[in-house]
Amino acid sequence: MTLSPERLPRFARHIVLPEVGGVGQVALANAHVVLVGCGGIGSPALQYLAAAGIGRLTLIDDDTVDVSNLQRQTIYSPSDIGKPKAEAAAEWVRRFDLGLEVLPCVARLGEHNAARILSGASVVLDGCDNFATRLLVSDSCVKLGIPLTSAAIGRFQGQVANFAGHLPNQPCYRCFVGDAFDAQDCDTCAADGVLGAMVGMVGTFAAMHAMRVLLAAKSALGEPQYGTLHLIDGMAPSMRPLKIVKDPGCRACGSPS
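In my numbering, the protein residues as written are 404 to 660.
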């Protein structure tokens, strides 16, 4: 795909960046991003992925919009309350840019549908709120050979990392968290609270990190930083990197015994 003349002004500020350029913008236009979760992280991430001209977007969420979401899930308005988030998010994309292909998926990922839904993605961006889904997404990405951008937040602490466990010597998300977690035991925004701007910070950083994957070997921005976990402290504020090492015994991406 090439960019049509009428699309060029929209992305002019990208194209003049040497770190992106015309080749990088075309790569973004040809990309397919699957977004898992259209909530606090997914909402700002989607805004900047769409603004970047990602050509195809698949949006996965089985939840509906609630009034309490409006404090941080910035693509929704009061008129969206009660609607499936995936469909409301897709409507936002269509209003924002008719040149993008968007597919809403009102479903919860499971063993029965993960491979079908995630297959063909250039990168999966996971901003969901439970370990069961996170581990399923990660394991599926390893099997399908798809890079994963993982983003999470708890109060004022954020985590963003790119994983490519399907590649030699690169860890997956399971290498990071292991198998010891109770998959259903996750802190919730309802119980612990969350600052809307903090979620926005993590979501937009995740969008940029996903673009690093998409632009790898195509522009100077494209260094995916696989296996580097970026820890974001919103109180300080500060950010520090932590290197994750591939676990040879990982049951998702480790070497078979």
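Every residue gets a Cβ at the ideal spot worked out from N, C-alpha and C, and that includes glycine. Model, not experiment: these values are computed from the prediction.
1. Quick one, which of L406, I444 and L503 has its alpha-carbon nearest G599's?
2. Nearest to G502 by alpha carbon, out of A655, P447, A454 and Q628?
3. What are the boundary residues of the alpha helix (DSSP H) that S446 is part of?
4. Look at the alpha carbon of Q476 and the alpha carbon of V470, and state the distance between them as a whole number of angstroms.
5. Which of the three DSSP states is assigned to Q476 in this structure?
6. Go ahead and label H417 buried or exposed: buried means 16 or more other beta carbons lie within 10 angstroms of its beta carbon, across all protein chains shown.
7. Assign H515 to buried or exposed, taking buried as 16 or more other Cβ atoms, counted over all protein chains shown, within 10 Å of its Cβ.
8. Taking C-alpha atoms, which residue in C441, P571 and R498 lies nearest to C508?
9. Tell me, please, which residues DSSP counts as bridged to N565.
10. Determine, using beta carbons only, whether K649 and C544 come nearer to each other than 9 Å.
11. Could you tell me whether the Cβ atoms of L551 and G427 are closer together than 9 Å?
12. Let me know if D483 comes out buried or exposed under the rule of 16 or more other beta-carbons within 10 Å of its beta-carbon.
13. Could you give the distance in angstroms between the alpha-carbon of R558 and the alpha-carbon of K486?
14. Helix, strand or coil, according to DSSP, for H417 in the structure here?
15. Identify the continuous alpha helix (DSSP H) that holds L431 and give its terminal residues.
16. In the DSSP assignment, find the unbroken alpha helix (DSSP H) run with I520 in it and report its ends.
17. Looking at the unbroken beta strand (DSSP E) that takes in V436, where does it start and where does it end?
18. From M601, L570, A448 and P421, pick the residue whose C-alpha is nearest to that of M638; which is it?
19. Measure how close the beta-carbons of I463 and V439 come, nearest whole angstrom, since I'm counting them as under 8 Å.
20. Please work out which residues of its chain come closer than 7 Å, Cβ to Cβ, to A489, disregarding the five sequence neighbours upstream and downstream, and give them in chain order.
21. Compute the Euclidean distance between the alpha carbons of A535 and G548, then round it to the nearest angstrom.
22. Inspect the beta-carbon positions of V605 and A555 and report whether they are closer than 9 Å.
23. Just to confirm my understanding: we take V505, look at its own chain, exclude 5 residues before and 5 after, and list those with CB closer than 6 Å. What are they?
24. Can you list, in chain order, the residues of its chain with a C-beta nearer than 7 Å to that of N572? Leave out the 5 residues immediately preceding and following it.
25. Output the distance between the C-alpha atoms of G669 and G603, rounded to the nearest integer angstrom.
26. Check whether the Cβ atoms of A434 and G458 sit closer than 9 Å, and answer yes or no.
27. At what residues does the beta strand (DSSP E) containing S641 begin and finish?
28. Rounded to whole angstroms, what's the CA-CA distance from L431 to I635? Just pull it up for me.
Taking the structure as given:
1. As a position in the sequence shown, residue 599 is number 196, starting the count at 1. For G599, the nearest C-alpha among the options comes from I444.
2. Here residue 502 is taken as the residue at index 99 of the sequence shown, counted from 1. Of the candidates A655, P447, A454 and Q628, the one whose C-alpha sits nearest the C-alpha of G502 is A454.
3. Start at 1 with the first residue of the sequence shown, and residue 446 comes out as number 43. S446 -> alpha helix (DSSP H) spans G445 to A454.
4. In the sequence shown, residue 476 corresponds to position 73, counting from 1. In the sequence shown, residue 470 corresponds to position 67, counting from 1. So the alpha carbons of these two residues sit roughly 10 Å apart.
5. In the sequence shown, residue 476 corresponds to position 73, counting from 1. Looking at Q476 - three-state DSSP - the assignment turns out to be coil, as it is neither helix nor strand.
6. Sequence index remark: in the sequence shown, residue 417 carries index 14 (1-based). Per the 10 Å Cβ criterion, buried.
7. In the sequence shown, the residue the question calls residue 515 occupies position 112. Exposed.
8. Here residue 508 is taken as the residue at index 105 of the sequence shown, counted from 1. C508 has its Cα closest to that of C441, out of C441, P571 and R498.
9. Here residue 565 refers to the residue found at position 162 of the sequence shown. Per DSSP, T552 and Y629.
10. Taking the sequence shown and counting its residues from 1, the one referred to as residue 649 is at position 246. Taking the sequence shown and counting its residues from 1, the one referred to as residue 544 is at position 141. Their beta carbons are not under 9 Å apart, which means K649 does not touch C544 by this criterion.
11. Start at 1 with the first residue of the sequence shown, and residue 551 comes out as number 148. Start at 1 with the first residue of the sequence shown, and residue 427 comes out as number 24. Not in contact: L551 and G427 (Cβ atoms no closer than 9 Å).
12. To locate residue 483, count along the sequence shown from 1; it is residue 80. That one is buried.
13. Start at 1 with the first residue of the sequence shown, and residue 558 comes out as number 155. Start at 1 with the first residue of the sequence shown, and residue 486 comes out as number 83. Rounded to whole angstroms, R558 to K486 spans 26 Å at the Cα level.
14. Counting from one through the sequence shown, the residue named residue 417 turns up at place 14. DSSP places H417 in helix when its eight states are reduced to three.
15. Numbered from 1 along the sequence shown, position 28 holds the residue referred to as residue 431. From DSSP, the alpha helix (DSSP H) with L431 extends over G424 to A432.
16. Reading the sequence shown from its first residue, position 117 is the one you call residue 520. Start and end: A517 to L521.
17. In the sequence shown, counting from the first residue as 1, residue 436 sits at position 33. Segment H435 to V439, the beta strand (DSSP E) holding V436.
18. What you label residue 638 is simply residue 235 of the sequence shown in a count that begins at 1. Checking every option, the nearest Cα to that of M638 belongs to M601.
19. Looking up residue 463 in the sequence shown gives position 60. Looking up residue 439 in the sequence shown gives position 36. About 5 Å separates the two Cβ atoms, so the contact holds.
20. Taking the first residue of the sequence shown as position 1, residue 489 is located at position 86. The residues are C441, L462, I463, D464, P507, C508 and V509.
21. As a first step, residue 535 is located in the sequence shown; it is residue number 132 there, counting from the start. As a first step, residue 548 is located in the sequence shown; it is residue number 145 there, counting from the start. About 20 Å.
22. Residue numbering aside, residue 605 sits at position 202 when the sequence shown is read from its first letter. Residue numbering aside, residue 555 sits at position 152 when the sequence shown is read from its first letter. Closer than 9 Å, so yes.
23. Within the sequence shown, numbered from 1, the residue matching residue 505 stands at position 102. Cβ neighbours of V505 beyond the five flanking positions: L460, A493 and V496.
24. Within the sequence shown, residue 572 is the residue found at index 169, counting from 1. These residues qualify, in order along the chain: K649.
25. Beyond the ends of the chain as shown, which are 404 and 660, falls residue 669; an answer cannot be given.
26. The residue you call residue 434 lines up with position 31 of the sequence shown. The residue you call residue 458 lines up with position 55 of the sequence shown. Contact: yes.
27. Here residue 641 is taken as the residue at index 238 of the sequence shown, counted from 1. S641 to K646 is the span of the beta strand (DSSP E), which, as asked, contains S641.
28. Indexing the sequence shown from 1 puts residue 431 at position 28. Indexing the sequence shown from 1 puts residue 635 at position 232. The straight-line gap from Cα to Cα measures roughly 26 Å.
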